[in-house]
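Chemist:
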Amino acid sequence: MPKTLLVTNDFPPVIGGIESYLRDFVSLLDPNEIIVFAPTRDKAACESYDAQLDYPVIRWPHRLLLPTPRSAKKLREIIRTHDIDTVWFGAAAPLALLAKTAKQAGAKKVISTTHGHEVGWSMIPGARQALRVIGNNSDVLTYISSYTRRRLEKPFGNRPRWVHLPSGVNADNFGVASPQRQVEAKQAFGIAASAPTIVCISRFVPRKGQDKLLRAFPVLRRQFPDVQLILVGRGRSYRRLERLRKKYAPDALLLNNTDYQQNQVRVDDALAAADVFAMPARTRAGGLSVEGLGIVYLEAQACGIPVVAGSSGGAPETITDETGVVVNGHRVSSIVRGLQGLLADAQLRSEMGAAGRAHVVKNWNWDLLGARLKQELREI
21 MPKTLLVTND
31 FPPVIGGIES
41 YLRDFVSLLD
51 PNEIIVFAPT
61 RDKAACESYD
71 AQLDYPVIRW
81 PHRLLLPTPR
91 SAKKLREIIR
101 THDIDTVWFG
111 AAAPLALLAK
121 TAKQAGAKKV
131 ISTTHGHEVG
141 WSMIPGARQA
151 LRVIGNNSDV
161 LTYISSYTRR
171 RLEKPFGNRP
181 RWVHLPSGVN
191 ADNFGVASPQ
201 RQVEAKQAFG
211 IAASAPTIVC
221 ISRFVPRKGQ
231 DKLLRAFPVL
241 RRQFPDVQLI
251 LVGRGRSYRR
261 LERLRKKYAP
271 DALLLNNTDY
281 QQNQVRVDDA
291 LAAADVFAMP
301 ARTRAGGLSV
311 EGLGIVYLEA
321 QACGIPVVAG
331 SSGGAPETIT
341 DETGVVVNGH
351 RVSSIVRGLQ
361 GLLADAQLRS
371 EMGAAGRAHV
381 VKNWNWDLLG
391 ARLKQELREI
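Residue numbers (my numbering): 21 to 400.
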């Protein structure tokens, strides 16, 4: 396979959706045929992380890697020194503005990956023109959902070929919790074994809808007196969510995770405790803030948990009518109705959970998606 250079501003040890997406795809490739070019947020953490990898990471000695003359010079040096055939920009905007530089330095092919934030770029004069520049100099654009492709085809132009490359899920890492495991997980959070439990795991930002879940909670409590709510994440909305929790759901759990290992433990326990997973994402800021896909919906389904998804962007594409419910994340009443139907019917939850896991195993597995990426990297 030709040698590939992944150029990205988003890479571990930093934690995030794009970081995980790229880490997991790179892990599927031959380590002798991939090099990563990424920034240094924390030197010690980066050195420790990189030492565990079987492929090389070239670290830009700054916190951000942006399309500047200095980074362009370094990019040319890497391409020529390592005889790079394909340059893969891990997030099209803004780094793929260096696509022309990559071609001039000798790269035969440029792949630029879109995630969802480019939809916001497409709505801003100047940024929209930048997307056209990227499109004019990219051979392939990858997309994570049909929604994002529809929104981005016109801004990027007609030159590049589009390839569907969403994140996959390793279902083996997200097993269905046994009844005993669920009881233990609920007990770890101080929740009774019989209490129906709603879980949301996501960044604490307005688009994700944790605020609406808290507002819906007292309505749900009137019908389901022992229902419980666990919100796990981190982000800028934490303090606002804490105020809402005190007002609407004082016994709900709002877990603000800042430690990676602690976060993993809490995520695993929260998924095991869940009877329903809910993230009623909503589009905000006139369309500038939209859910590109929502990998957490897939991870929940892999755990055999029925899902309540918001109607924002590509989120509805992660579920089927047999695996979950789509609600209007702007309306508390819609969220309440979606949750009521699942909380009231244990058999329905069980059937949806089983269908959800089968859906992820069949349609969102890494073997399928990894083969798709490898094919693109092979074809020069």
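Where a beta carbon is used, it is the ideal one built from N, C-alpha and C, also for glycine.
(1) Extract the residue ranges of the beta strand (DSSP E) inside the segment 164-226, only unbroken runs of 3 or more that lie entirely within it.
(2) Report buried or exposed for residue 168, applying the criterion of at least 16 other Cβ atoms within 10 angstroms of its Cβ.
(3) Span of the beta strand (DSSP E) holding residue 253?
(4) Could you check which residue in 289, 272, 85 has the C-alpha nearest to that of residue 249?
(5) To the nearest angstrom, how far is the alpha carbon of residue 136 from that of residue 187?
(6) Which runs of the beta strand (DSSP E) fall wholly inside the segment 74-117 and span at least 3 residues, in chain order?
(7) So, is residue 395 buried or exposed, given that buried needs 16 or more other C-beta atoms within 10 angstroms?
(8) Between residue 37 and residue 316, what straight-line distance do the alpha-carbon atoms span, to the nearest angstrom?
(9) Kindly confirm or deny that the segment 322-330 and the segment 367-377 touch, where touching means at least three C-beta pairs closer than 8 Å.
(10) Just to confirm my understanding: we take residue 232, look at its own chain, exclude 5 residues before and 5 after, and list those with CB closer than 7 Å. What are they?
(11) Output yes or no for whether 9 Å exceeds the beta carbon distance between residue 87 and residue 114.
(12) Nearest to residue 322 by CA position, among 70, 270, 56, 381, is which residue?
(13) Which value, in whole angstroms, describes the spacing of the CA atoms of residue 200 and residue 293?
(14) Taking all protein chains shown into account, decide if residue 393 is buried (16 or more other Cβ within 10 angstroms of its Cβ) or exposed.
(15) Could you give the DSSP three-state label for residue 34: helix, strand or coil?
(16) Any idea which residues DSSP pairs residue 276 with across the strands?
(17) Using DSSP bridges, identify the partner residues of residue 10.
(18) Just to confirm the assignment: which complete alpha helix (DSSP H) runs, minimum length 4, are found wholly within the segment 281-326?
(19) With DSSP as the reference, identify every bridge partner of residue 57, one or two as the case may be.
(20) Exposed or buried, residue 280, counting other C-beta atoms within 10 Å across all chains shown (16 or more means buried)?
(21) Which partner residues of residue 344 appear in the DSSP bridge assignment?
(22) Quick one: residues in its chain with C-beta nearer than 6 Å to the C-beta of residue 108, no 5 flanking neighbours on either side, listed in chain order?
(23) Helix, strand or coil: which one does DSSP assign to residue 67?
(24) Name the one or two DSSP bridge partners that residue 132 has.
(25) Quick check on the DSSP output: the alpha helix (DSSP H) that includes residue 360 runs from which residue to which?
(26) Sorted by chain position, which residues of the same chain lie with C-beta nearer than 7 Å to residue 82's C-beta, five sequence neighbours on each side aside?
(27) Do you know offhand how far residue 161's Cα is from residue 139's?
(28) Which first and last residues belong to the alpha helix (DSSP H) in which residue 126 is found?
(29) What three-state label does DSSP hand residue 237 in the structure shown?
(30) So residue 165 and residue 333 are in contact, right, with Cβ under 8 Å, and what is the actual spacing, rounded?
(31) Using only the alpha-carbon positions, how far apart do residue 398 and residue 84 sit?
(32) Among 190, 142, 194, which has the Cα closest to the Cα of residue 177?
(33) Buried or exposed: which applies to residue 70, given that a residue is buried once 16 or more other Cβ atoms fall within 10 Å of its Cβ?
(34) Under the rule that 16 or more other beta-carbon atoms within 10 Å means buried, what is residue 234, buried or exposed?
(35) In angstroms with no decimal places, state the Cα-to-Cα distance between residue 237 and residue 360.
(36) Assign residue 212 to one of two classes, buried (16 or more other C-beta atoms within 10 Å of its C-beta) or exposed (fewer than that).
Modeler: Here's the rundown:
(1) Annotation: the segment 164-226 contains the following complete segments of the beta strand (DSSP E) (minimum length 3 residues), in chain order: 181-184, 217-221.
(2) In the sequence shown, the residue the question calls residue 168 occupies position 148. By the neighbour-count rule (16 or more Cβ atoms within 10 Å), residue 168 is buried.
(3) Counted from its first residue, the sequence shown places residue 253 at position 233. DSSP places residue 253 in the uninterrupted beta strand (DSSP E) bounded by 248-253.
(4) The count along the sequence shown starts at 1 and reaches residue 249 at position 229. Among 289, 272, 85, the Cα nearest to that of residue 249 belongs to 272.
(5) Working through the sequence shown from its first residue, we reach residue 136 at position 116. Working through the sequence shown from its first residue, we reach residue 187 at position 167. Computed Cα separation, rounded: 13 Å.
(6) Counting only runs of 3 or more, we get 77-80, 106-109.
(7) Within the sequence shown, the letter at position 375 stands for residue 395. With fewer than 16 Cβ atoms within 10 Å of its Cβ, residue 395 is classed as exposed.
(8) On the sequence shown, residue 37 is found 17 positions in, with the first residue counted as 1. On the sequence shown, residue 316 is found 296 positions in, with the first residue counted as 1. The straight-line gap from Cα to Cα measures roughly 10 Å.
(9) Remark: three or more beta-carbon pairs, one from each stretch, lie closer than 8 Å, so the segment 322-330 and the segment 367-377 are flagged as touching.
(10) For the purposes of this step, residue 232 is identified with residue 212 of the sequence shown, where counting begins at 1. The residues are 300, 349, 352, 355.
(11) As a working note, residue 87 is residue 67 in the sequence shown. As a working note, residue 114 is residue 94 in the sequence shown. In contact: residue 87 and residue 114 (Cβ atoms closer than 9 Å).
(12) Stepping through the sequence shown from its first residue, residue 322 is reached at position 302. Residue 381 is the option with its Cα nearest to residue 322.
(13) The residue given as residue 200 occupies position 180 in the sequence shown. The residue given as residue 293 occupies position 273 in the sequence shown. Between the C-alpha atoms of residue 200 and residue 293 there is a straight-line separation of about 10 Å.
(14) Numbered from 1 along the sequence shown, position 373 holds the residue referred to as residue 393. It is buried - the Cβ of residue 393 has at least 16 other Cβ atoms within 10 Å.
(15) Working through the sequence shown from its first residue, we reach residue 34 at position 14. Coil, per DSSP.
(16) The residue you call residue 276 lines up with position 256 of the sequence shown. According to DSSP, residue 276 bridges with 253.
(17) Residue 10 lies beyond the stretch modelled for the chain, which goes from 21 to 400, so this question has no answer here.
(18) Runs found: 315-322.
(19) Reading the sequence shown from its first residue, position 37 is the one you call residue 57. Looking at the DSSP output, residue 57 bridges to 27, 78.
(20) Position 260 of the sequence shown holds residue 280. Here residue 280 scores only 46 on pLDDT, less than 50, and its place in the model should not be relied on; the value that follows carries that caveat. Exposed, because fewer than 16 other Cβ atoms sit within 10 Å of the Cβ of residue 280.
(21) For the purposes of this step, residue 344 is identified with residue 324 of the sequence shown, where counting begins at 1. Per DSSP, 327.
(22) Here residue 108 is taken as the residue at index 88 of the sequence shown, counted from 1. 24, 26, 131, listed in sequence order.
(23) Taking the sequence shown and counting its residues from 1, the one referred to as residue 67 is at position 47. Reduced to three states, the DSSP call for residue 67 is helix.
(24) Along the sequence shown, one-based indexing puts residue 132 at 112. Residue pairing of residue 132 in beta bridges, as defined by DSSP: 109, 161.
(25) Working through the sequence shown from its first residue, we reach residue 360 at position 340. From DSSP, the alpha helix (DSSP H) with residue 360 extends over 352-363.
(26) For the purposes of this step, residue 82 is taken as residue 62 along the sequence shown, with counting starting at 1. Here residue 82 has 59, 60 as same chain residues with Cβ atoms under 7 Å from its own Cβ, once five neighbours each way along the sequence are excluded.
(27) For the purposes of this step, residue 161 is taken as the residue at position 141 of the sequence shown. For the purposes of this step, residue 139 is taken as the residue at position 119 of the sequence shown. Going from the Cα of residue 161 to the Cα of residue 139 covers about 14 Å.
(28) Numbered from its first residue, the sequence shown carries residue 126 at position 106. According to the DSSP assignment, residue 126 belongs to no alpha helix (DSSP H), since it is labelled neither H nor E.
(29) If you number the sequence shown from 1, residue 237 lands on position 217. Of the three classes helix, strand and coil, the one that applies to residue 237 here is helix, per DSSP.
(30) Residue numbering aside, residue 165 sits at position 145 when the sequence shown is read from its first letter. Residue numbering aside, residue 333 sits at position 313 when the sequence shown is read from its first letter. That belief holds up - the Cβ atoms of residue 165 and residue 333 are roughly 7 Å apart, short of 8 Å.
(31) Within the sequence shown, numbered from 1, the residue matching residue 398 stands at position 378. Within the sequence shown, numbered from 1, the residue matching residue 84 stands at position 64. Answer to the nearest angstrom: the Cα atoms are 30 Å apart.
(32) Position 157 of the sequence shown, counting from 1, holds the residue named residue 177. Measuring from the Cα of residue 177, the nearest candidate turns out to be 142.
(33) Counting from 1 along the sequence shown, the entry for residue 70 is found at position 50. Under this definition residue 70 is a buried residue.
(34) Position 214 of the sequence shown, counted from the first residue, corresponds to residue 234. So residue 234 counts as buried.
(35) Counting from 1 along the sequence shown, the entry for residue 237 is found at position 217. Counting from 1 along the sequence shown, the entry for residue 360 is found at position 340. Straight-line Cα distance between these residues: approximately 11 Å.
(36) Translated into positions along the sequence shown, residue 212 becomes position 192. Looking at its Cβ environment, which holds fewer than 16 other Cβ atoms inside 10 Å, residue 212 is exposed.
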